[in-house]
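Numbering (our numbering), first residue to last: 1 to 408. All C-beta atoms in this analysis are idealised placements derived from N, C-alpha and C, irrespective of residue type, glycine included. Working notes, beginning with the structure itself.
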Amino acid sequence: MKKQLTITRKSKEVSIPASIHTTLQDTLQTINLSNTLNVALDVNLDVNLDVNLNTSLDTSLDTSLDTKLYTKLILTNSILLIDASYWVYYRFFALRNWYKRTFPDNDTDNSIYNWLEDTIFMQKYEKLFLDGISNICNEWHIPTCNVVFCIDCPYRSIWRYELNNNYKGTRLDSHKRNGFNSFAIFDIVKKNIIPKLIKKYNMNSILVDKCEADDIVGTLSVYLSSKLYSGEGDEGNEGNEGGEGDDDASNNIKSKLNICILASDNDYIQVCCDNIILIDGVGKQLCANKKTDGEQYLVKKILSGDISDNISACMVRSNYLQKYCNYKSSDEFKKCTPSIILKMVTNTESWQLIYSLLCQLRNGDNCNDTVLTIFKDLQFIENVRLIDFKMIPNELKDNMMHIFQQLV
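See below:
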């Protein structure tokens, strides 16, 4: 019979099975190897354009709202939400770079080489899939039972596809540019690797019909943040003091109760705050600047569109730019480039007008006429619906909430 660890926090006792509380100890022997590999890997991936491709975890795991069992999260500890498609791709491309350096004489033309039949590659892939998560859990003080894989629904089922049937339509070009043809890696992960981790380490996986991982992570992070700081998780902060010197701020952040999002899609910045932290595959914070304003970032993204998701930029009227941004042009309309967007959001009157439009759209108001006084067409409205997490259809929010409530 396995021993259990009992943690006492004031008047609350929590018994944790040995299989959970010894997980990180069990992986300590592999952490040094993982760290070495992470340093050696020349990973400079533009995930938005090239790595977070069209293929996603089209899982066949049992995701019935009524039958799937979830492990309760420990709200006195930080939580890790993993964008599963990002993690599958990150580990694949990083390991492929390492392999080519380690075995330079092997003929591994990416366009034809079958990586999934390479025993060395696949054994290392499965090992590092867990090692990377273990390292992040160790660094951010997260028990493995607080790890949640958030999984994309099939591409053609995404609710955004109903709004724009060209949504993510450029991803095939990304596959070709990266020489990626190992699509079966998703079946291996969904049917083999993730189920093993769920069974052995009491991790969770969530898939919601018509929802992308972005929708699940964006909504769940805000929901859990409210739970952690509603008094239910406050006890987890006691006794955790940050380090000294240059690392003091970083240590203080990691000693707090955090919702860590493992991904590198900047769309998540719209939900980042003091305790919702976006980190990449090596645990680096992607929104460490405390001045990052999630709402302002969201408006910038709405104006610029997203080339990786095939979302067009807005075209703003030049007379609007001249009036509010002191910008003159002989063209009737200008594409929202980074420099133009900066002018639009830093001018107080311009910002108030555009942000007011966003709020009205969130309230369900018809803003077509007002939008057309600023922009060439209604692209702004479409982009709000596609990009803003608050615009996820209520029915899908309800489905997600049904699952989230089972986690806490």
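Cutting at 7 Å between CB atoms, please list the residues of its own chain near residue i, excluding the five before and the five after it.
i    : result
Y297 : I269, Q270
C272 : L278, C287, T292, G294
F404 : L220, Y223
Q406 : Y70
V371 : L357, L378, F380, I381
V299 : V345, I354, Y355, L358
W87  : L262
N318 : According to the sequence shown, residue 318 is Ser rather than Asn. Same-chain partners within the cutoff: S329, D331, E332, F333, K334.
D430 : Residue 430 is absent from the structure shown; the chain starts at 1 and stops at 408.
K100 : T108
K254 : E139, W140, H141
P414 : Outside the modelled stretch of the chain, which goes from 1 to 408, sits residue 414, for which no answer is possible.
Between the options, which has its C-alpha nearest residue i's C-alpha?
i    : options                : result
E295 : F92, L116, I354, Y327  : I354
V316 : I307, S308, S339       : S339
R96  : C314, F121, I198       : F121
G283 : K300, V299, S264       : S264
D173 : N204, I206, N310       : N310
D306 : Q322, T337, F333, E126 : T337
L128 : C153, D118, Y90, N363  : Y90
N363 : T119, D369, V384       : V384
N135 : K200, D331, L80        : L80
C153 : N106, D107, C211, K199 : C211
N77  : C260, N319, S330       : C260
Q123 : S225, S85, N192        : N192
L73  : S85, N394, S225        : S225
Rounded C-beta distance between residue i and residue j? I'm assuming under 8 Å.
i    : j    : result
N275 : Y229 : 7 Å
N202 : T102 : Contact flag wrong, Cβ pair sits at about 34 Å.
L361 : I381 : 6 Å
K343 : Y327 : 6 Å
A184 : D83  : Their Cβ separation, rounded to whole angstroms, is 20 Å, which puts A184 and D83 out of contact at 8 Å.
N399 : D209 : 7 Å
V148 : I133 : Their Cβ separation, rounded to whole angstroms, is 11 Å, which puts V148 and I133 out of contact at 8 Å.
S205 : I194 : 6 Å
Y125 : F93  : With a Cβ gap of about 11 Å, Y125 and F93 do not count as contacting.
Could you pull out every residue in the same chain whose Cβ sits closer than 6 Å to the Cβ of residue i, ignoring the five residues on either side in sequence?
i    : result
L357 : C367
F180 : none
W351 : V345
Y324 : N347, E349, S350
K376 : M315, F333
L321 : Y327
N110 : G179
L197 : M203
K12  : With a pLDDT of 37 at K12, under the threshold of 50, the predicted position of this residue should be treated as unreliable, though the coordinate-derived value follows. The answer is none, since no qualifying residue turns up.
N106 : none
Using a Cβ-Cβ cut-off of 8 Å (strictly less than) and excluding sequence neighbours within five positions of residue i, which residues of its own chain qualify?
i    : result
Y167 : I158, R160, Y161, D309, N310, I311, L386
Q379 : G305, S312, A313, C314, M315
I341 : K300, L303, S304
G169 : N310
L163 : E382, R385, L386
T373 : R317, Y320
Q25  : Here the model assigns Q25 a pLDDT of 36, short of 50, so the residue's position is not dependable and the matter cannot be decided.
Does residue i get closer than 7 Å to chain D when you measure Cβ to Cβ?
i    : result
K323 : Of the protein chains in this structure there is only one, and it is not chain D.
For residue i, is the beta carbon positioned less than 6 Å from some heavy atom of the ligand HEM?
i    : result
I269 : By its list of ligands, the structure shown contains no ligand whatsoever, and the ligand HEM lies outside what it can speak to.
Cβ contact (3+ pairs, closer than 8 Å) linking the segment 376-395 and the segment 202-219: Taking a cut-off of 8 Å on C-beta distances, the segment 376-395 touches the segment 202-219, as three or more cross pairs fall below it.
Contact the segment 129-142 vs the segment 273-283: 3+ CB pairs below 8 Å: Yes, they touch.
The segment 149-163 / the segment 104-119 touching (three or more Cβ pairs under 8 Å): No: fewer than three Cβ pairs fall under 8 Å.
In chain order, each beta strand (DSSP E) run of at least 3 residues that lies wholly inside the segment 297-385: You should have 315-317, 333-335.
Continuous beta strand (DSSP E) assignments of at least 3 residues falling wholly in the segment 70-138: Counting whole runs of 3 or more residues, the segment 70-138 contains the beta strand (DSSP E) stretches 79-83.
Alpha helix (DSSP H) runs wholly inside the segment 153-203, at least 4 long, in chain order: With a minimum length of 4 residues, the continuous alpha helix (DSSP H) runs that stay inside the segment 153-203 are 159-163, 171-177, 185-188, 194-201.
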